[in-house]
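Contents: one structure, followed by commentary.
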Amino acid sequence: MGFSAKMVTKAIEENGEENTNSILETLLTLSALENSPPKQQHVDTDESFSEYEGSFLDDFTDLDSDSENEGPAKPVSDVDNKLMFLVDMGYSEDEAHAAIERCGAHSSIAELTDFISAAQISKAADVLLGDLPDRPKPKNLDGCSKLKKRRHYDYKAWKKKKPKCFDDDDETIRLPNPMLGFGVPNELCPTVQRKLPEAAIGPPYFYYENVALAPKGVWNTISRFLYDVEPEFVDSKHFCAAARKRGYVHNLPIHNRFPLLPMPPHTIHEAFPLTRKWWPSWDTRTQLNCLQTCIGSARLTDRIRKALEDYDSERDPPLTVQKFVLDQCRKWNLVWVGKNKVAPLEPDEVEMLLGFPKNHTRGGGISRTDRYKSLGNSFQVDTVAYHLSVLKDMFPGGINLLSLFSGIGGAEVALHRLGIPLKNVVSVDISEVNRNIVRSWWEQTNQKGTLIDLADVQELDADRLQYYMNLFGGFDLVVGGSPCNNLTGSNRYTRDGLEGKESILFYDYFRILDLVKCIATKTE
């Protein structure tokens, strides 16, 4: 990306070799400072500051003041700030303009970079539906002739009956704005009627989740493999105080849903009322951005404190200082905990925002780093529970669940909180930390059913599925969200879509779901 060796070395020394997100953030900050215009005003600093910290503060200049002869600087609009920030990151002005126009002026920097990265990938390798690989076939099973016929895919026919969310120009699924899916609580939404393709009709029911802002063509592929079901795109900011833009492909009914009660807090101050005392008027955030797998460093929060400490409560910091602080607060979801003091969220605070019980990820030898990582990859429970709520009347005696890529048990927790008994659960996740968390939750909530935890979805073959389905009488619901590592916009190096090393596991979700449907058809 054009960073000097000296700059890279400094970033690694500050953050360590493992924390790649912090390294990238420091590199971008240092690069922006290196290319910033000469300072227009002096910022006094404490003599005890290091040479680097002092020069960092001196570089906060009023970017609108091009000469000493001009009048007072005009406030820079939020859109202009984002444009400048994206250009500083190395994107072109055209790319920045297009991203803001498509995603909206209130989109976060992370969302805008997601969009631009997806567009860049599509230019480099535009994957058309006609060139996609054939769906993987399950091992030979007697009585699955109907399923084999269903795999023949007629692209021309699909173009004639494609869902409304597909763009007429490029056959690409469009992301709605706002992301309300087929409806959310307490929002007036138009009544949605959908007709599922015959191949998708349950039981068994299925529910698949992944990041909404994926590279071009990804959601087309996901929809195509999952029986041409139209994705439902929902931002969890309509369920809690943090954004979480996700796509869901499922064959569940979409009417008569109901939310978990009590409803969770929807704003930062409702969720964390003690922060209100220290919240500056120029920080206009009311909700947090998407919760990530890592947090802002202590060095960053100390840098912010030193940038603000020369300005008392009666004198707001310059716009450039405000911009720097707000950019970091939005990126890392920092909250105000004292005068000039911001801090990252604690793990138990993240648990609350995501709808998990307090201490769900605590203890048992699990480190803070592992807690943030597991939580950052999880479902938002209230959102998922709203979609799964239609199952309560359908399965009053309990449900048999196959949970793939189950993480810390977001689907299991959602069903439990809905009051749907978990009769038998086969939970599959590669992380031993996550499996231990789910096992601990299962025991602490005194579940009466059977929990079987497995490590690898790739080892779940037809014979093993046949065994479990014979043992339990079949699966009622197959839920999962395969890894998003190669889909998310924060991955600037291996954002390879569904062909990436981790995200290719989506095809295992489809393979297993197809086998479950095939075996269920055979035993009818």
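In full-length UniProt numbering, the protein residues as written are 1 to 524. Note that the Cβ used here is the ideal one computed from N, Cα and C, for glycine as well.
When DSSP labels each residue in this structure, what does residue i get in the three-state scheme?
| i | result |
| --- | --- |
| residue 423 | strand |
| residue 205 | strand |
| residue 392 | coil |
| residue 220 | helix |
| residue 383 | helix |
| residue 305 | helix |
| residue 288 | strand |
| residue 100 | helix |
| residue 232 | strand |
| residue 245 | strand |
| residue 59 | Since pLDDT at residue 59 reaches only 32, below the 50 mark, its modelled position is unreliable, and the value read off the structure follows with that caveat. Three-state result, residue 59: coil. |
| residue 186 | coil |
| residue 274 | helix |
| residue 436 | helix |
| residue 81 | helix |
| residue 192 | coil |
| residue 255 | coil |
| residue 238 | helix |
| residue 295 | coil |
| residue 430 | coil |
| residue 526 | Examination of residue 526 is not possible in this model, given that the chain is present from 1 through 524 alone. |
Assign residue i to one of two classes, buried (16 or more other C-beta atoms within 10 Å of its C-beta) or exposed (fewer than that).
| i | result |
| --- | --- |
| residue 429 | buried |
| residue 501 | exposed |
| residue 222 | buried |
| residue 261 | exposed |
| residue 289 | buried |
| residue 427 | buried |
| residue 233 | buried |
| residue 192 | exposed |
| residue 286 | exposed |
| residue 387 | buried |
| residue 339 | exposed |
| residue 444 | exposed |
| residue 336 | buried |
| residue 247 | buried |
| residue 235 | buried |
| residue 215 | buried |
| residue 380 | buried |
| residue 523 | exposed |
| residue 201 | exposed |
| residue 417 | buried |
| residue 385 | buried |
| residue 396 | exposed |
| residue 412 | buried |
| residue 264 | buried |
| residue 468 | buried |
Assuming residue i and residue j form a contact by the criterion Cβ under 8 Å, report the distance between their Cβ atoms to the nearest whole angstrom.
| i | j | result |
| --- | --- | --- |
| residue 401 | residue 422 | 6 Å |
| residue 356 | residue 483 | That belief does not hold up - the Cβ atoms of residue 356 and residue 483 are roughly 20 Å apart, past 8 Å. |
| residue 541 | residue 449 | Because the chain spans 1 through 524 in this model, residue 541 falls outside it and cannot be assessed. |
| residue 370 | residue 433 | 5 Å |
| residue 436 | residue 364 | 6 Å |
Going by the beta-carbon positions, is the gap between residue i and residue j smaller than 8 Å?
| i | j | result |
| --- | --- | --- |
| residue 98 | residue 83 | no |
| residue 226 | residue 249 | yes |
| residue 241 | residue 267 | yes |
| residue 105 | residue 79 | yes |
| residue 440 | residue 407 | no |
| residue 506 | residue 498 | yes |
| residue 252 | residue 205 | yes |
| residue 333 | residue 345 | yes |
| residue 180 | residue 238 | yes |
| residue 376 | residue 292 | yes |
| residue 327 | residue 109 | yes |
| residue 219 | residue 173 | yes |
| residue 520 | residue 473 | no |
| residue 229 | residue 197 | yes |
| residue 372 | residue 304 | no |
| residue 399 | residue 366 | no |
| residue 438 | residue 453 | yes |
| residue 458 | residue 496 | no |
| residue 361 | residue 349 | no |
| residue 382 | residue 259 | yes |
| residue 477 | residue 515 | no |
| residue 85 | residue 102 | no |
| residue 389 | residue 194 | no |
Kindly examine the ligand NAP and report whether one of its heavy atoms sits closer than 7 Å to the Cβ of residue i.
| i | result |
| --- | --- |
| residue 9 | Ligands in the displayed structure: none, and consequently the ligand NAP is not present. |
Is there a Cβ of chain D sitting closer than 8 Å to that of residue i, yes or no?
| i | result |
| --- | --- |
| residue 393 | As a matter of chain content, chain D is missing from the structure shown, which is built from one protein chain. |
At 3 residues or longer, and completely inside the segment 307-377: list those beta strand (DSSP E) runs for me, N to C. Uninterrupted beta strand (DSSP E) stretches at least 3 residues long and entirely within the segment 307-377 occur at 335-338 and 341-343, given in chain order.
My parser needs the alpha helix (DSSP H) runs of 4 or more residues fully inside the segment 440-519; what are they? With a minimum length of 4 residues, the continuous alpha helix (DSSP H) runs that stay inside the segment 440-519 are 462-472.
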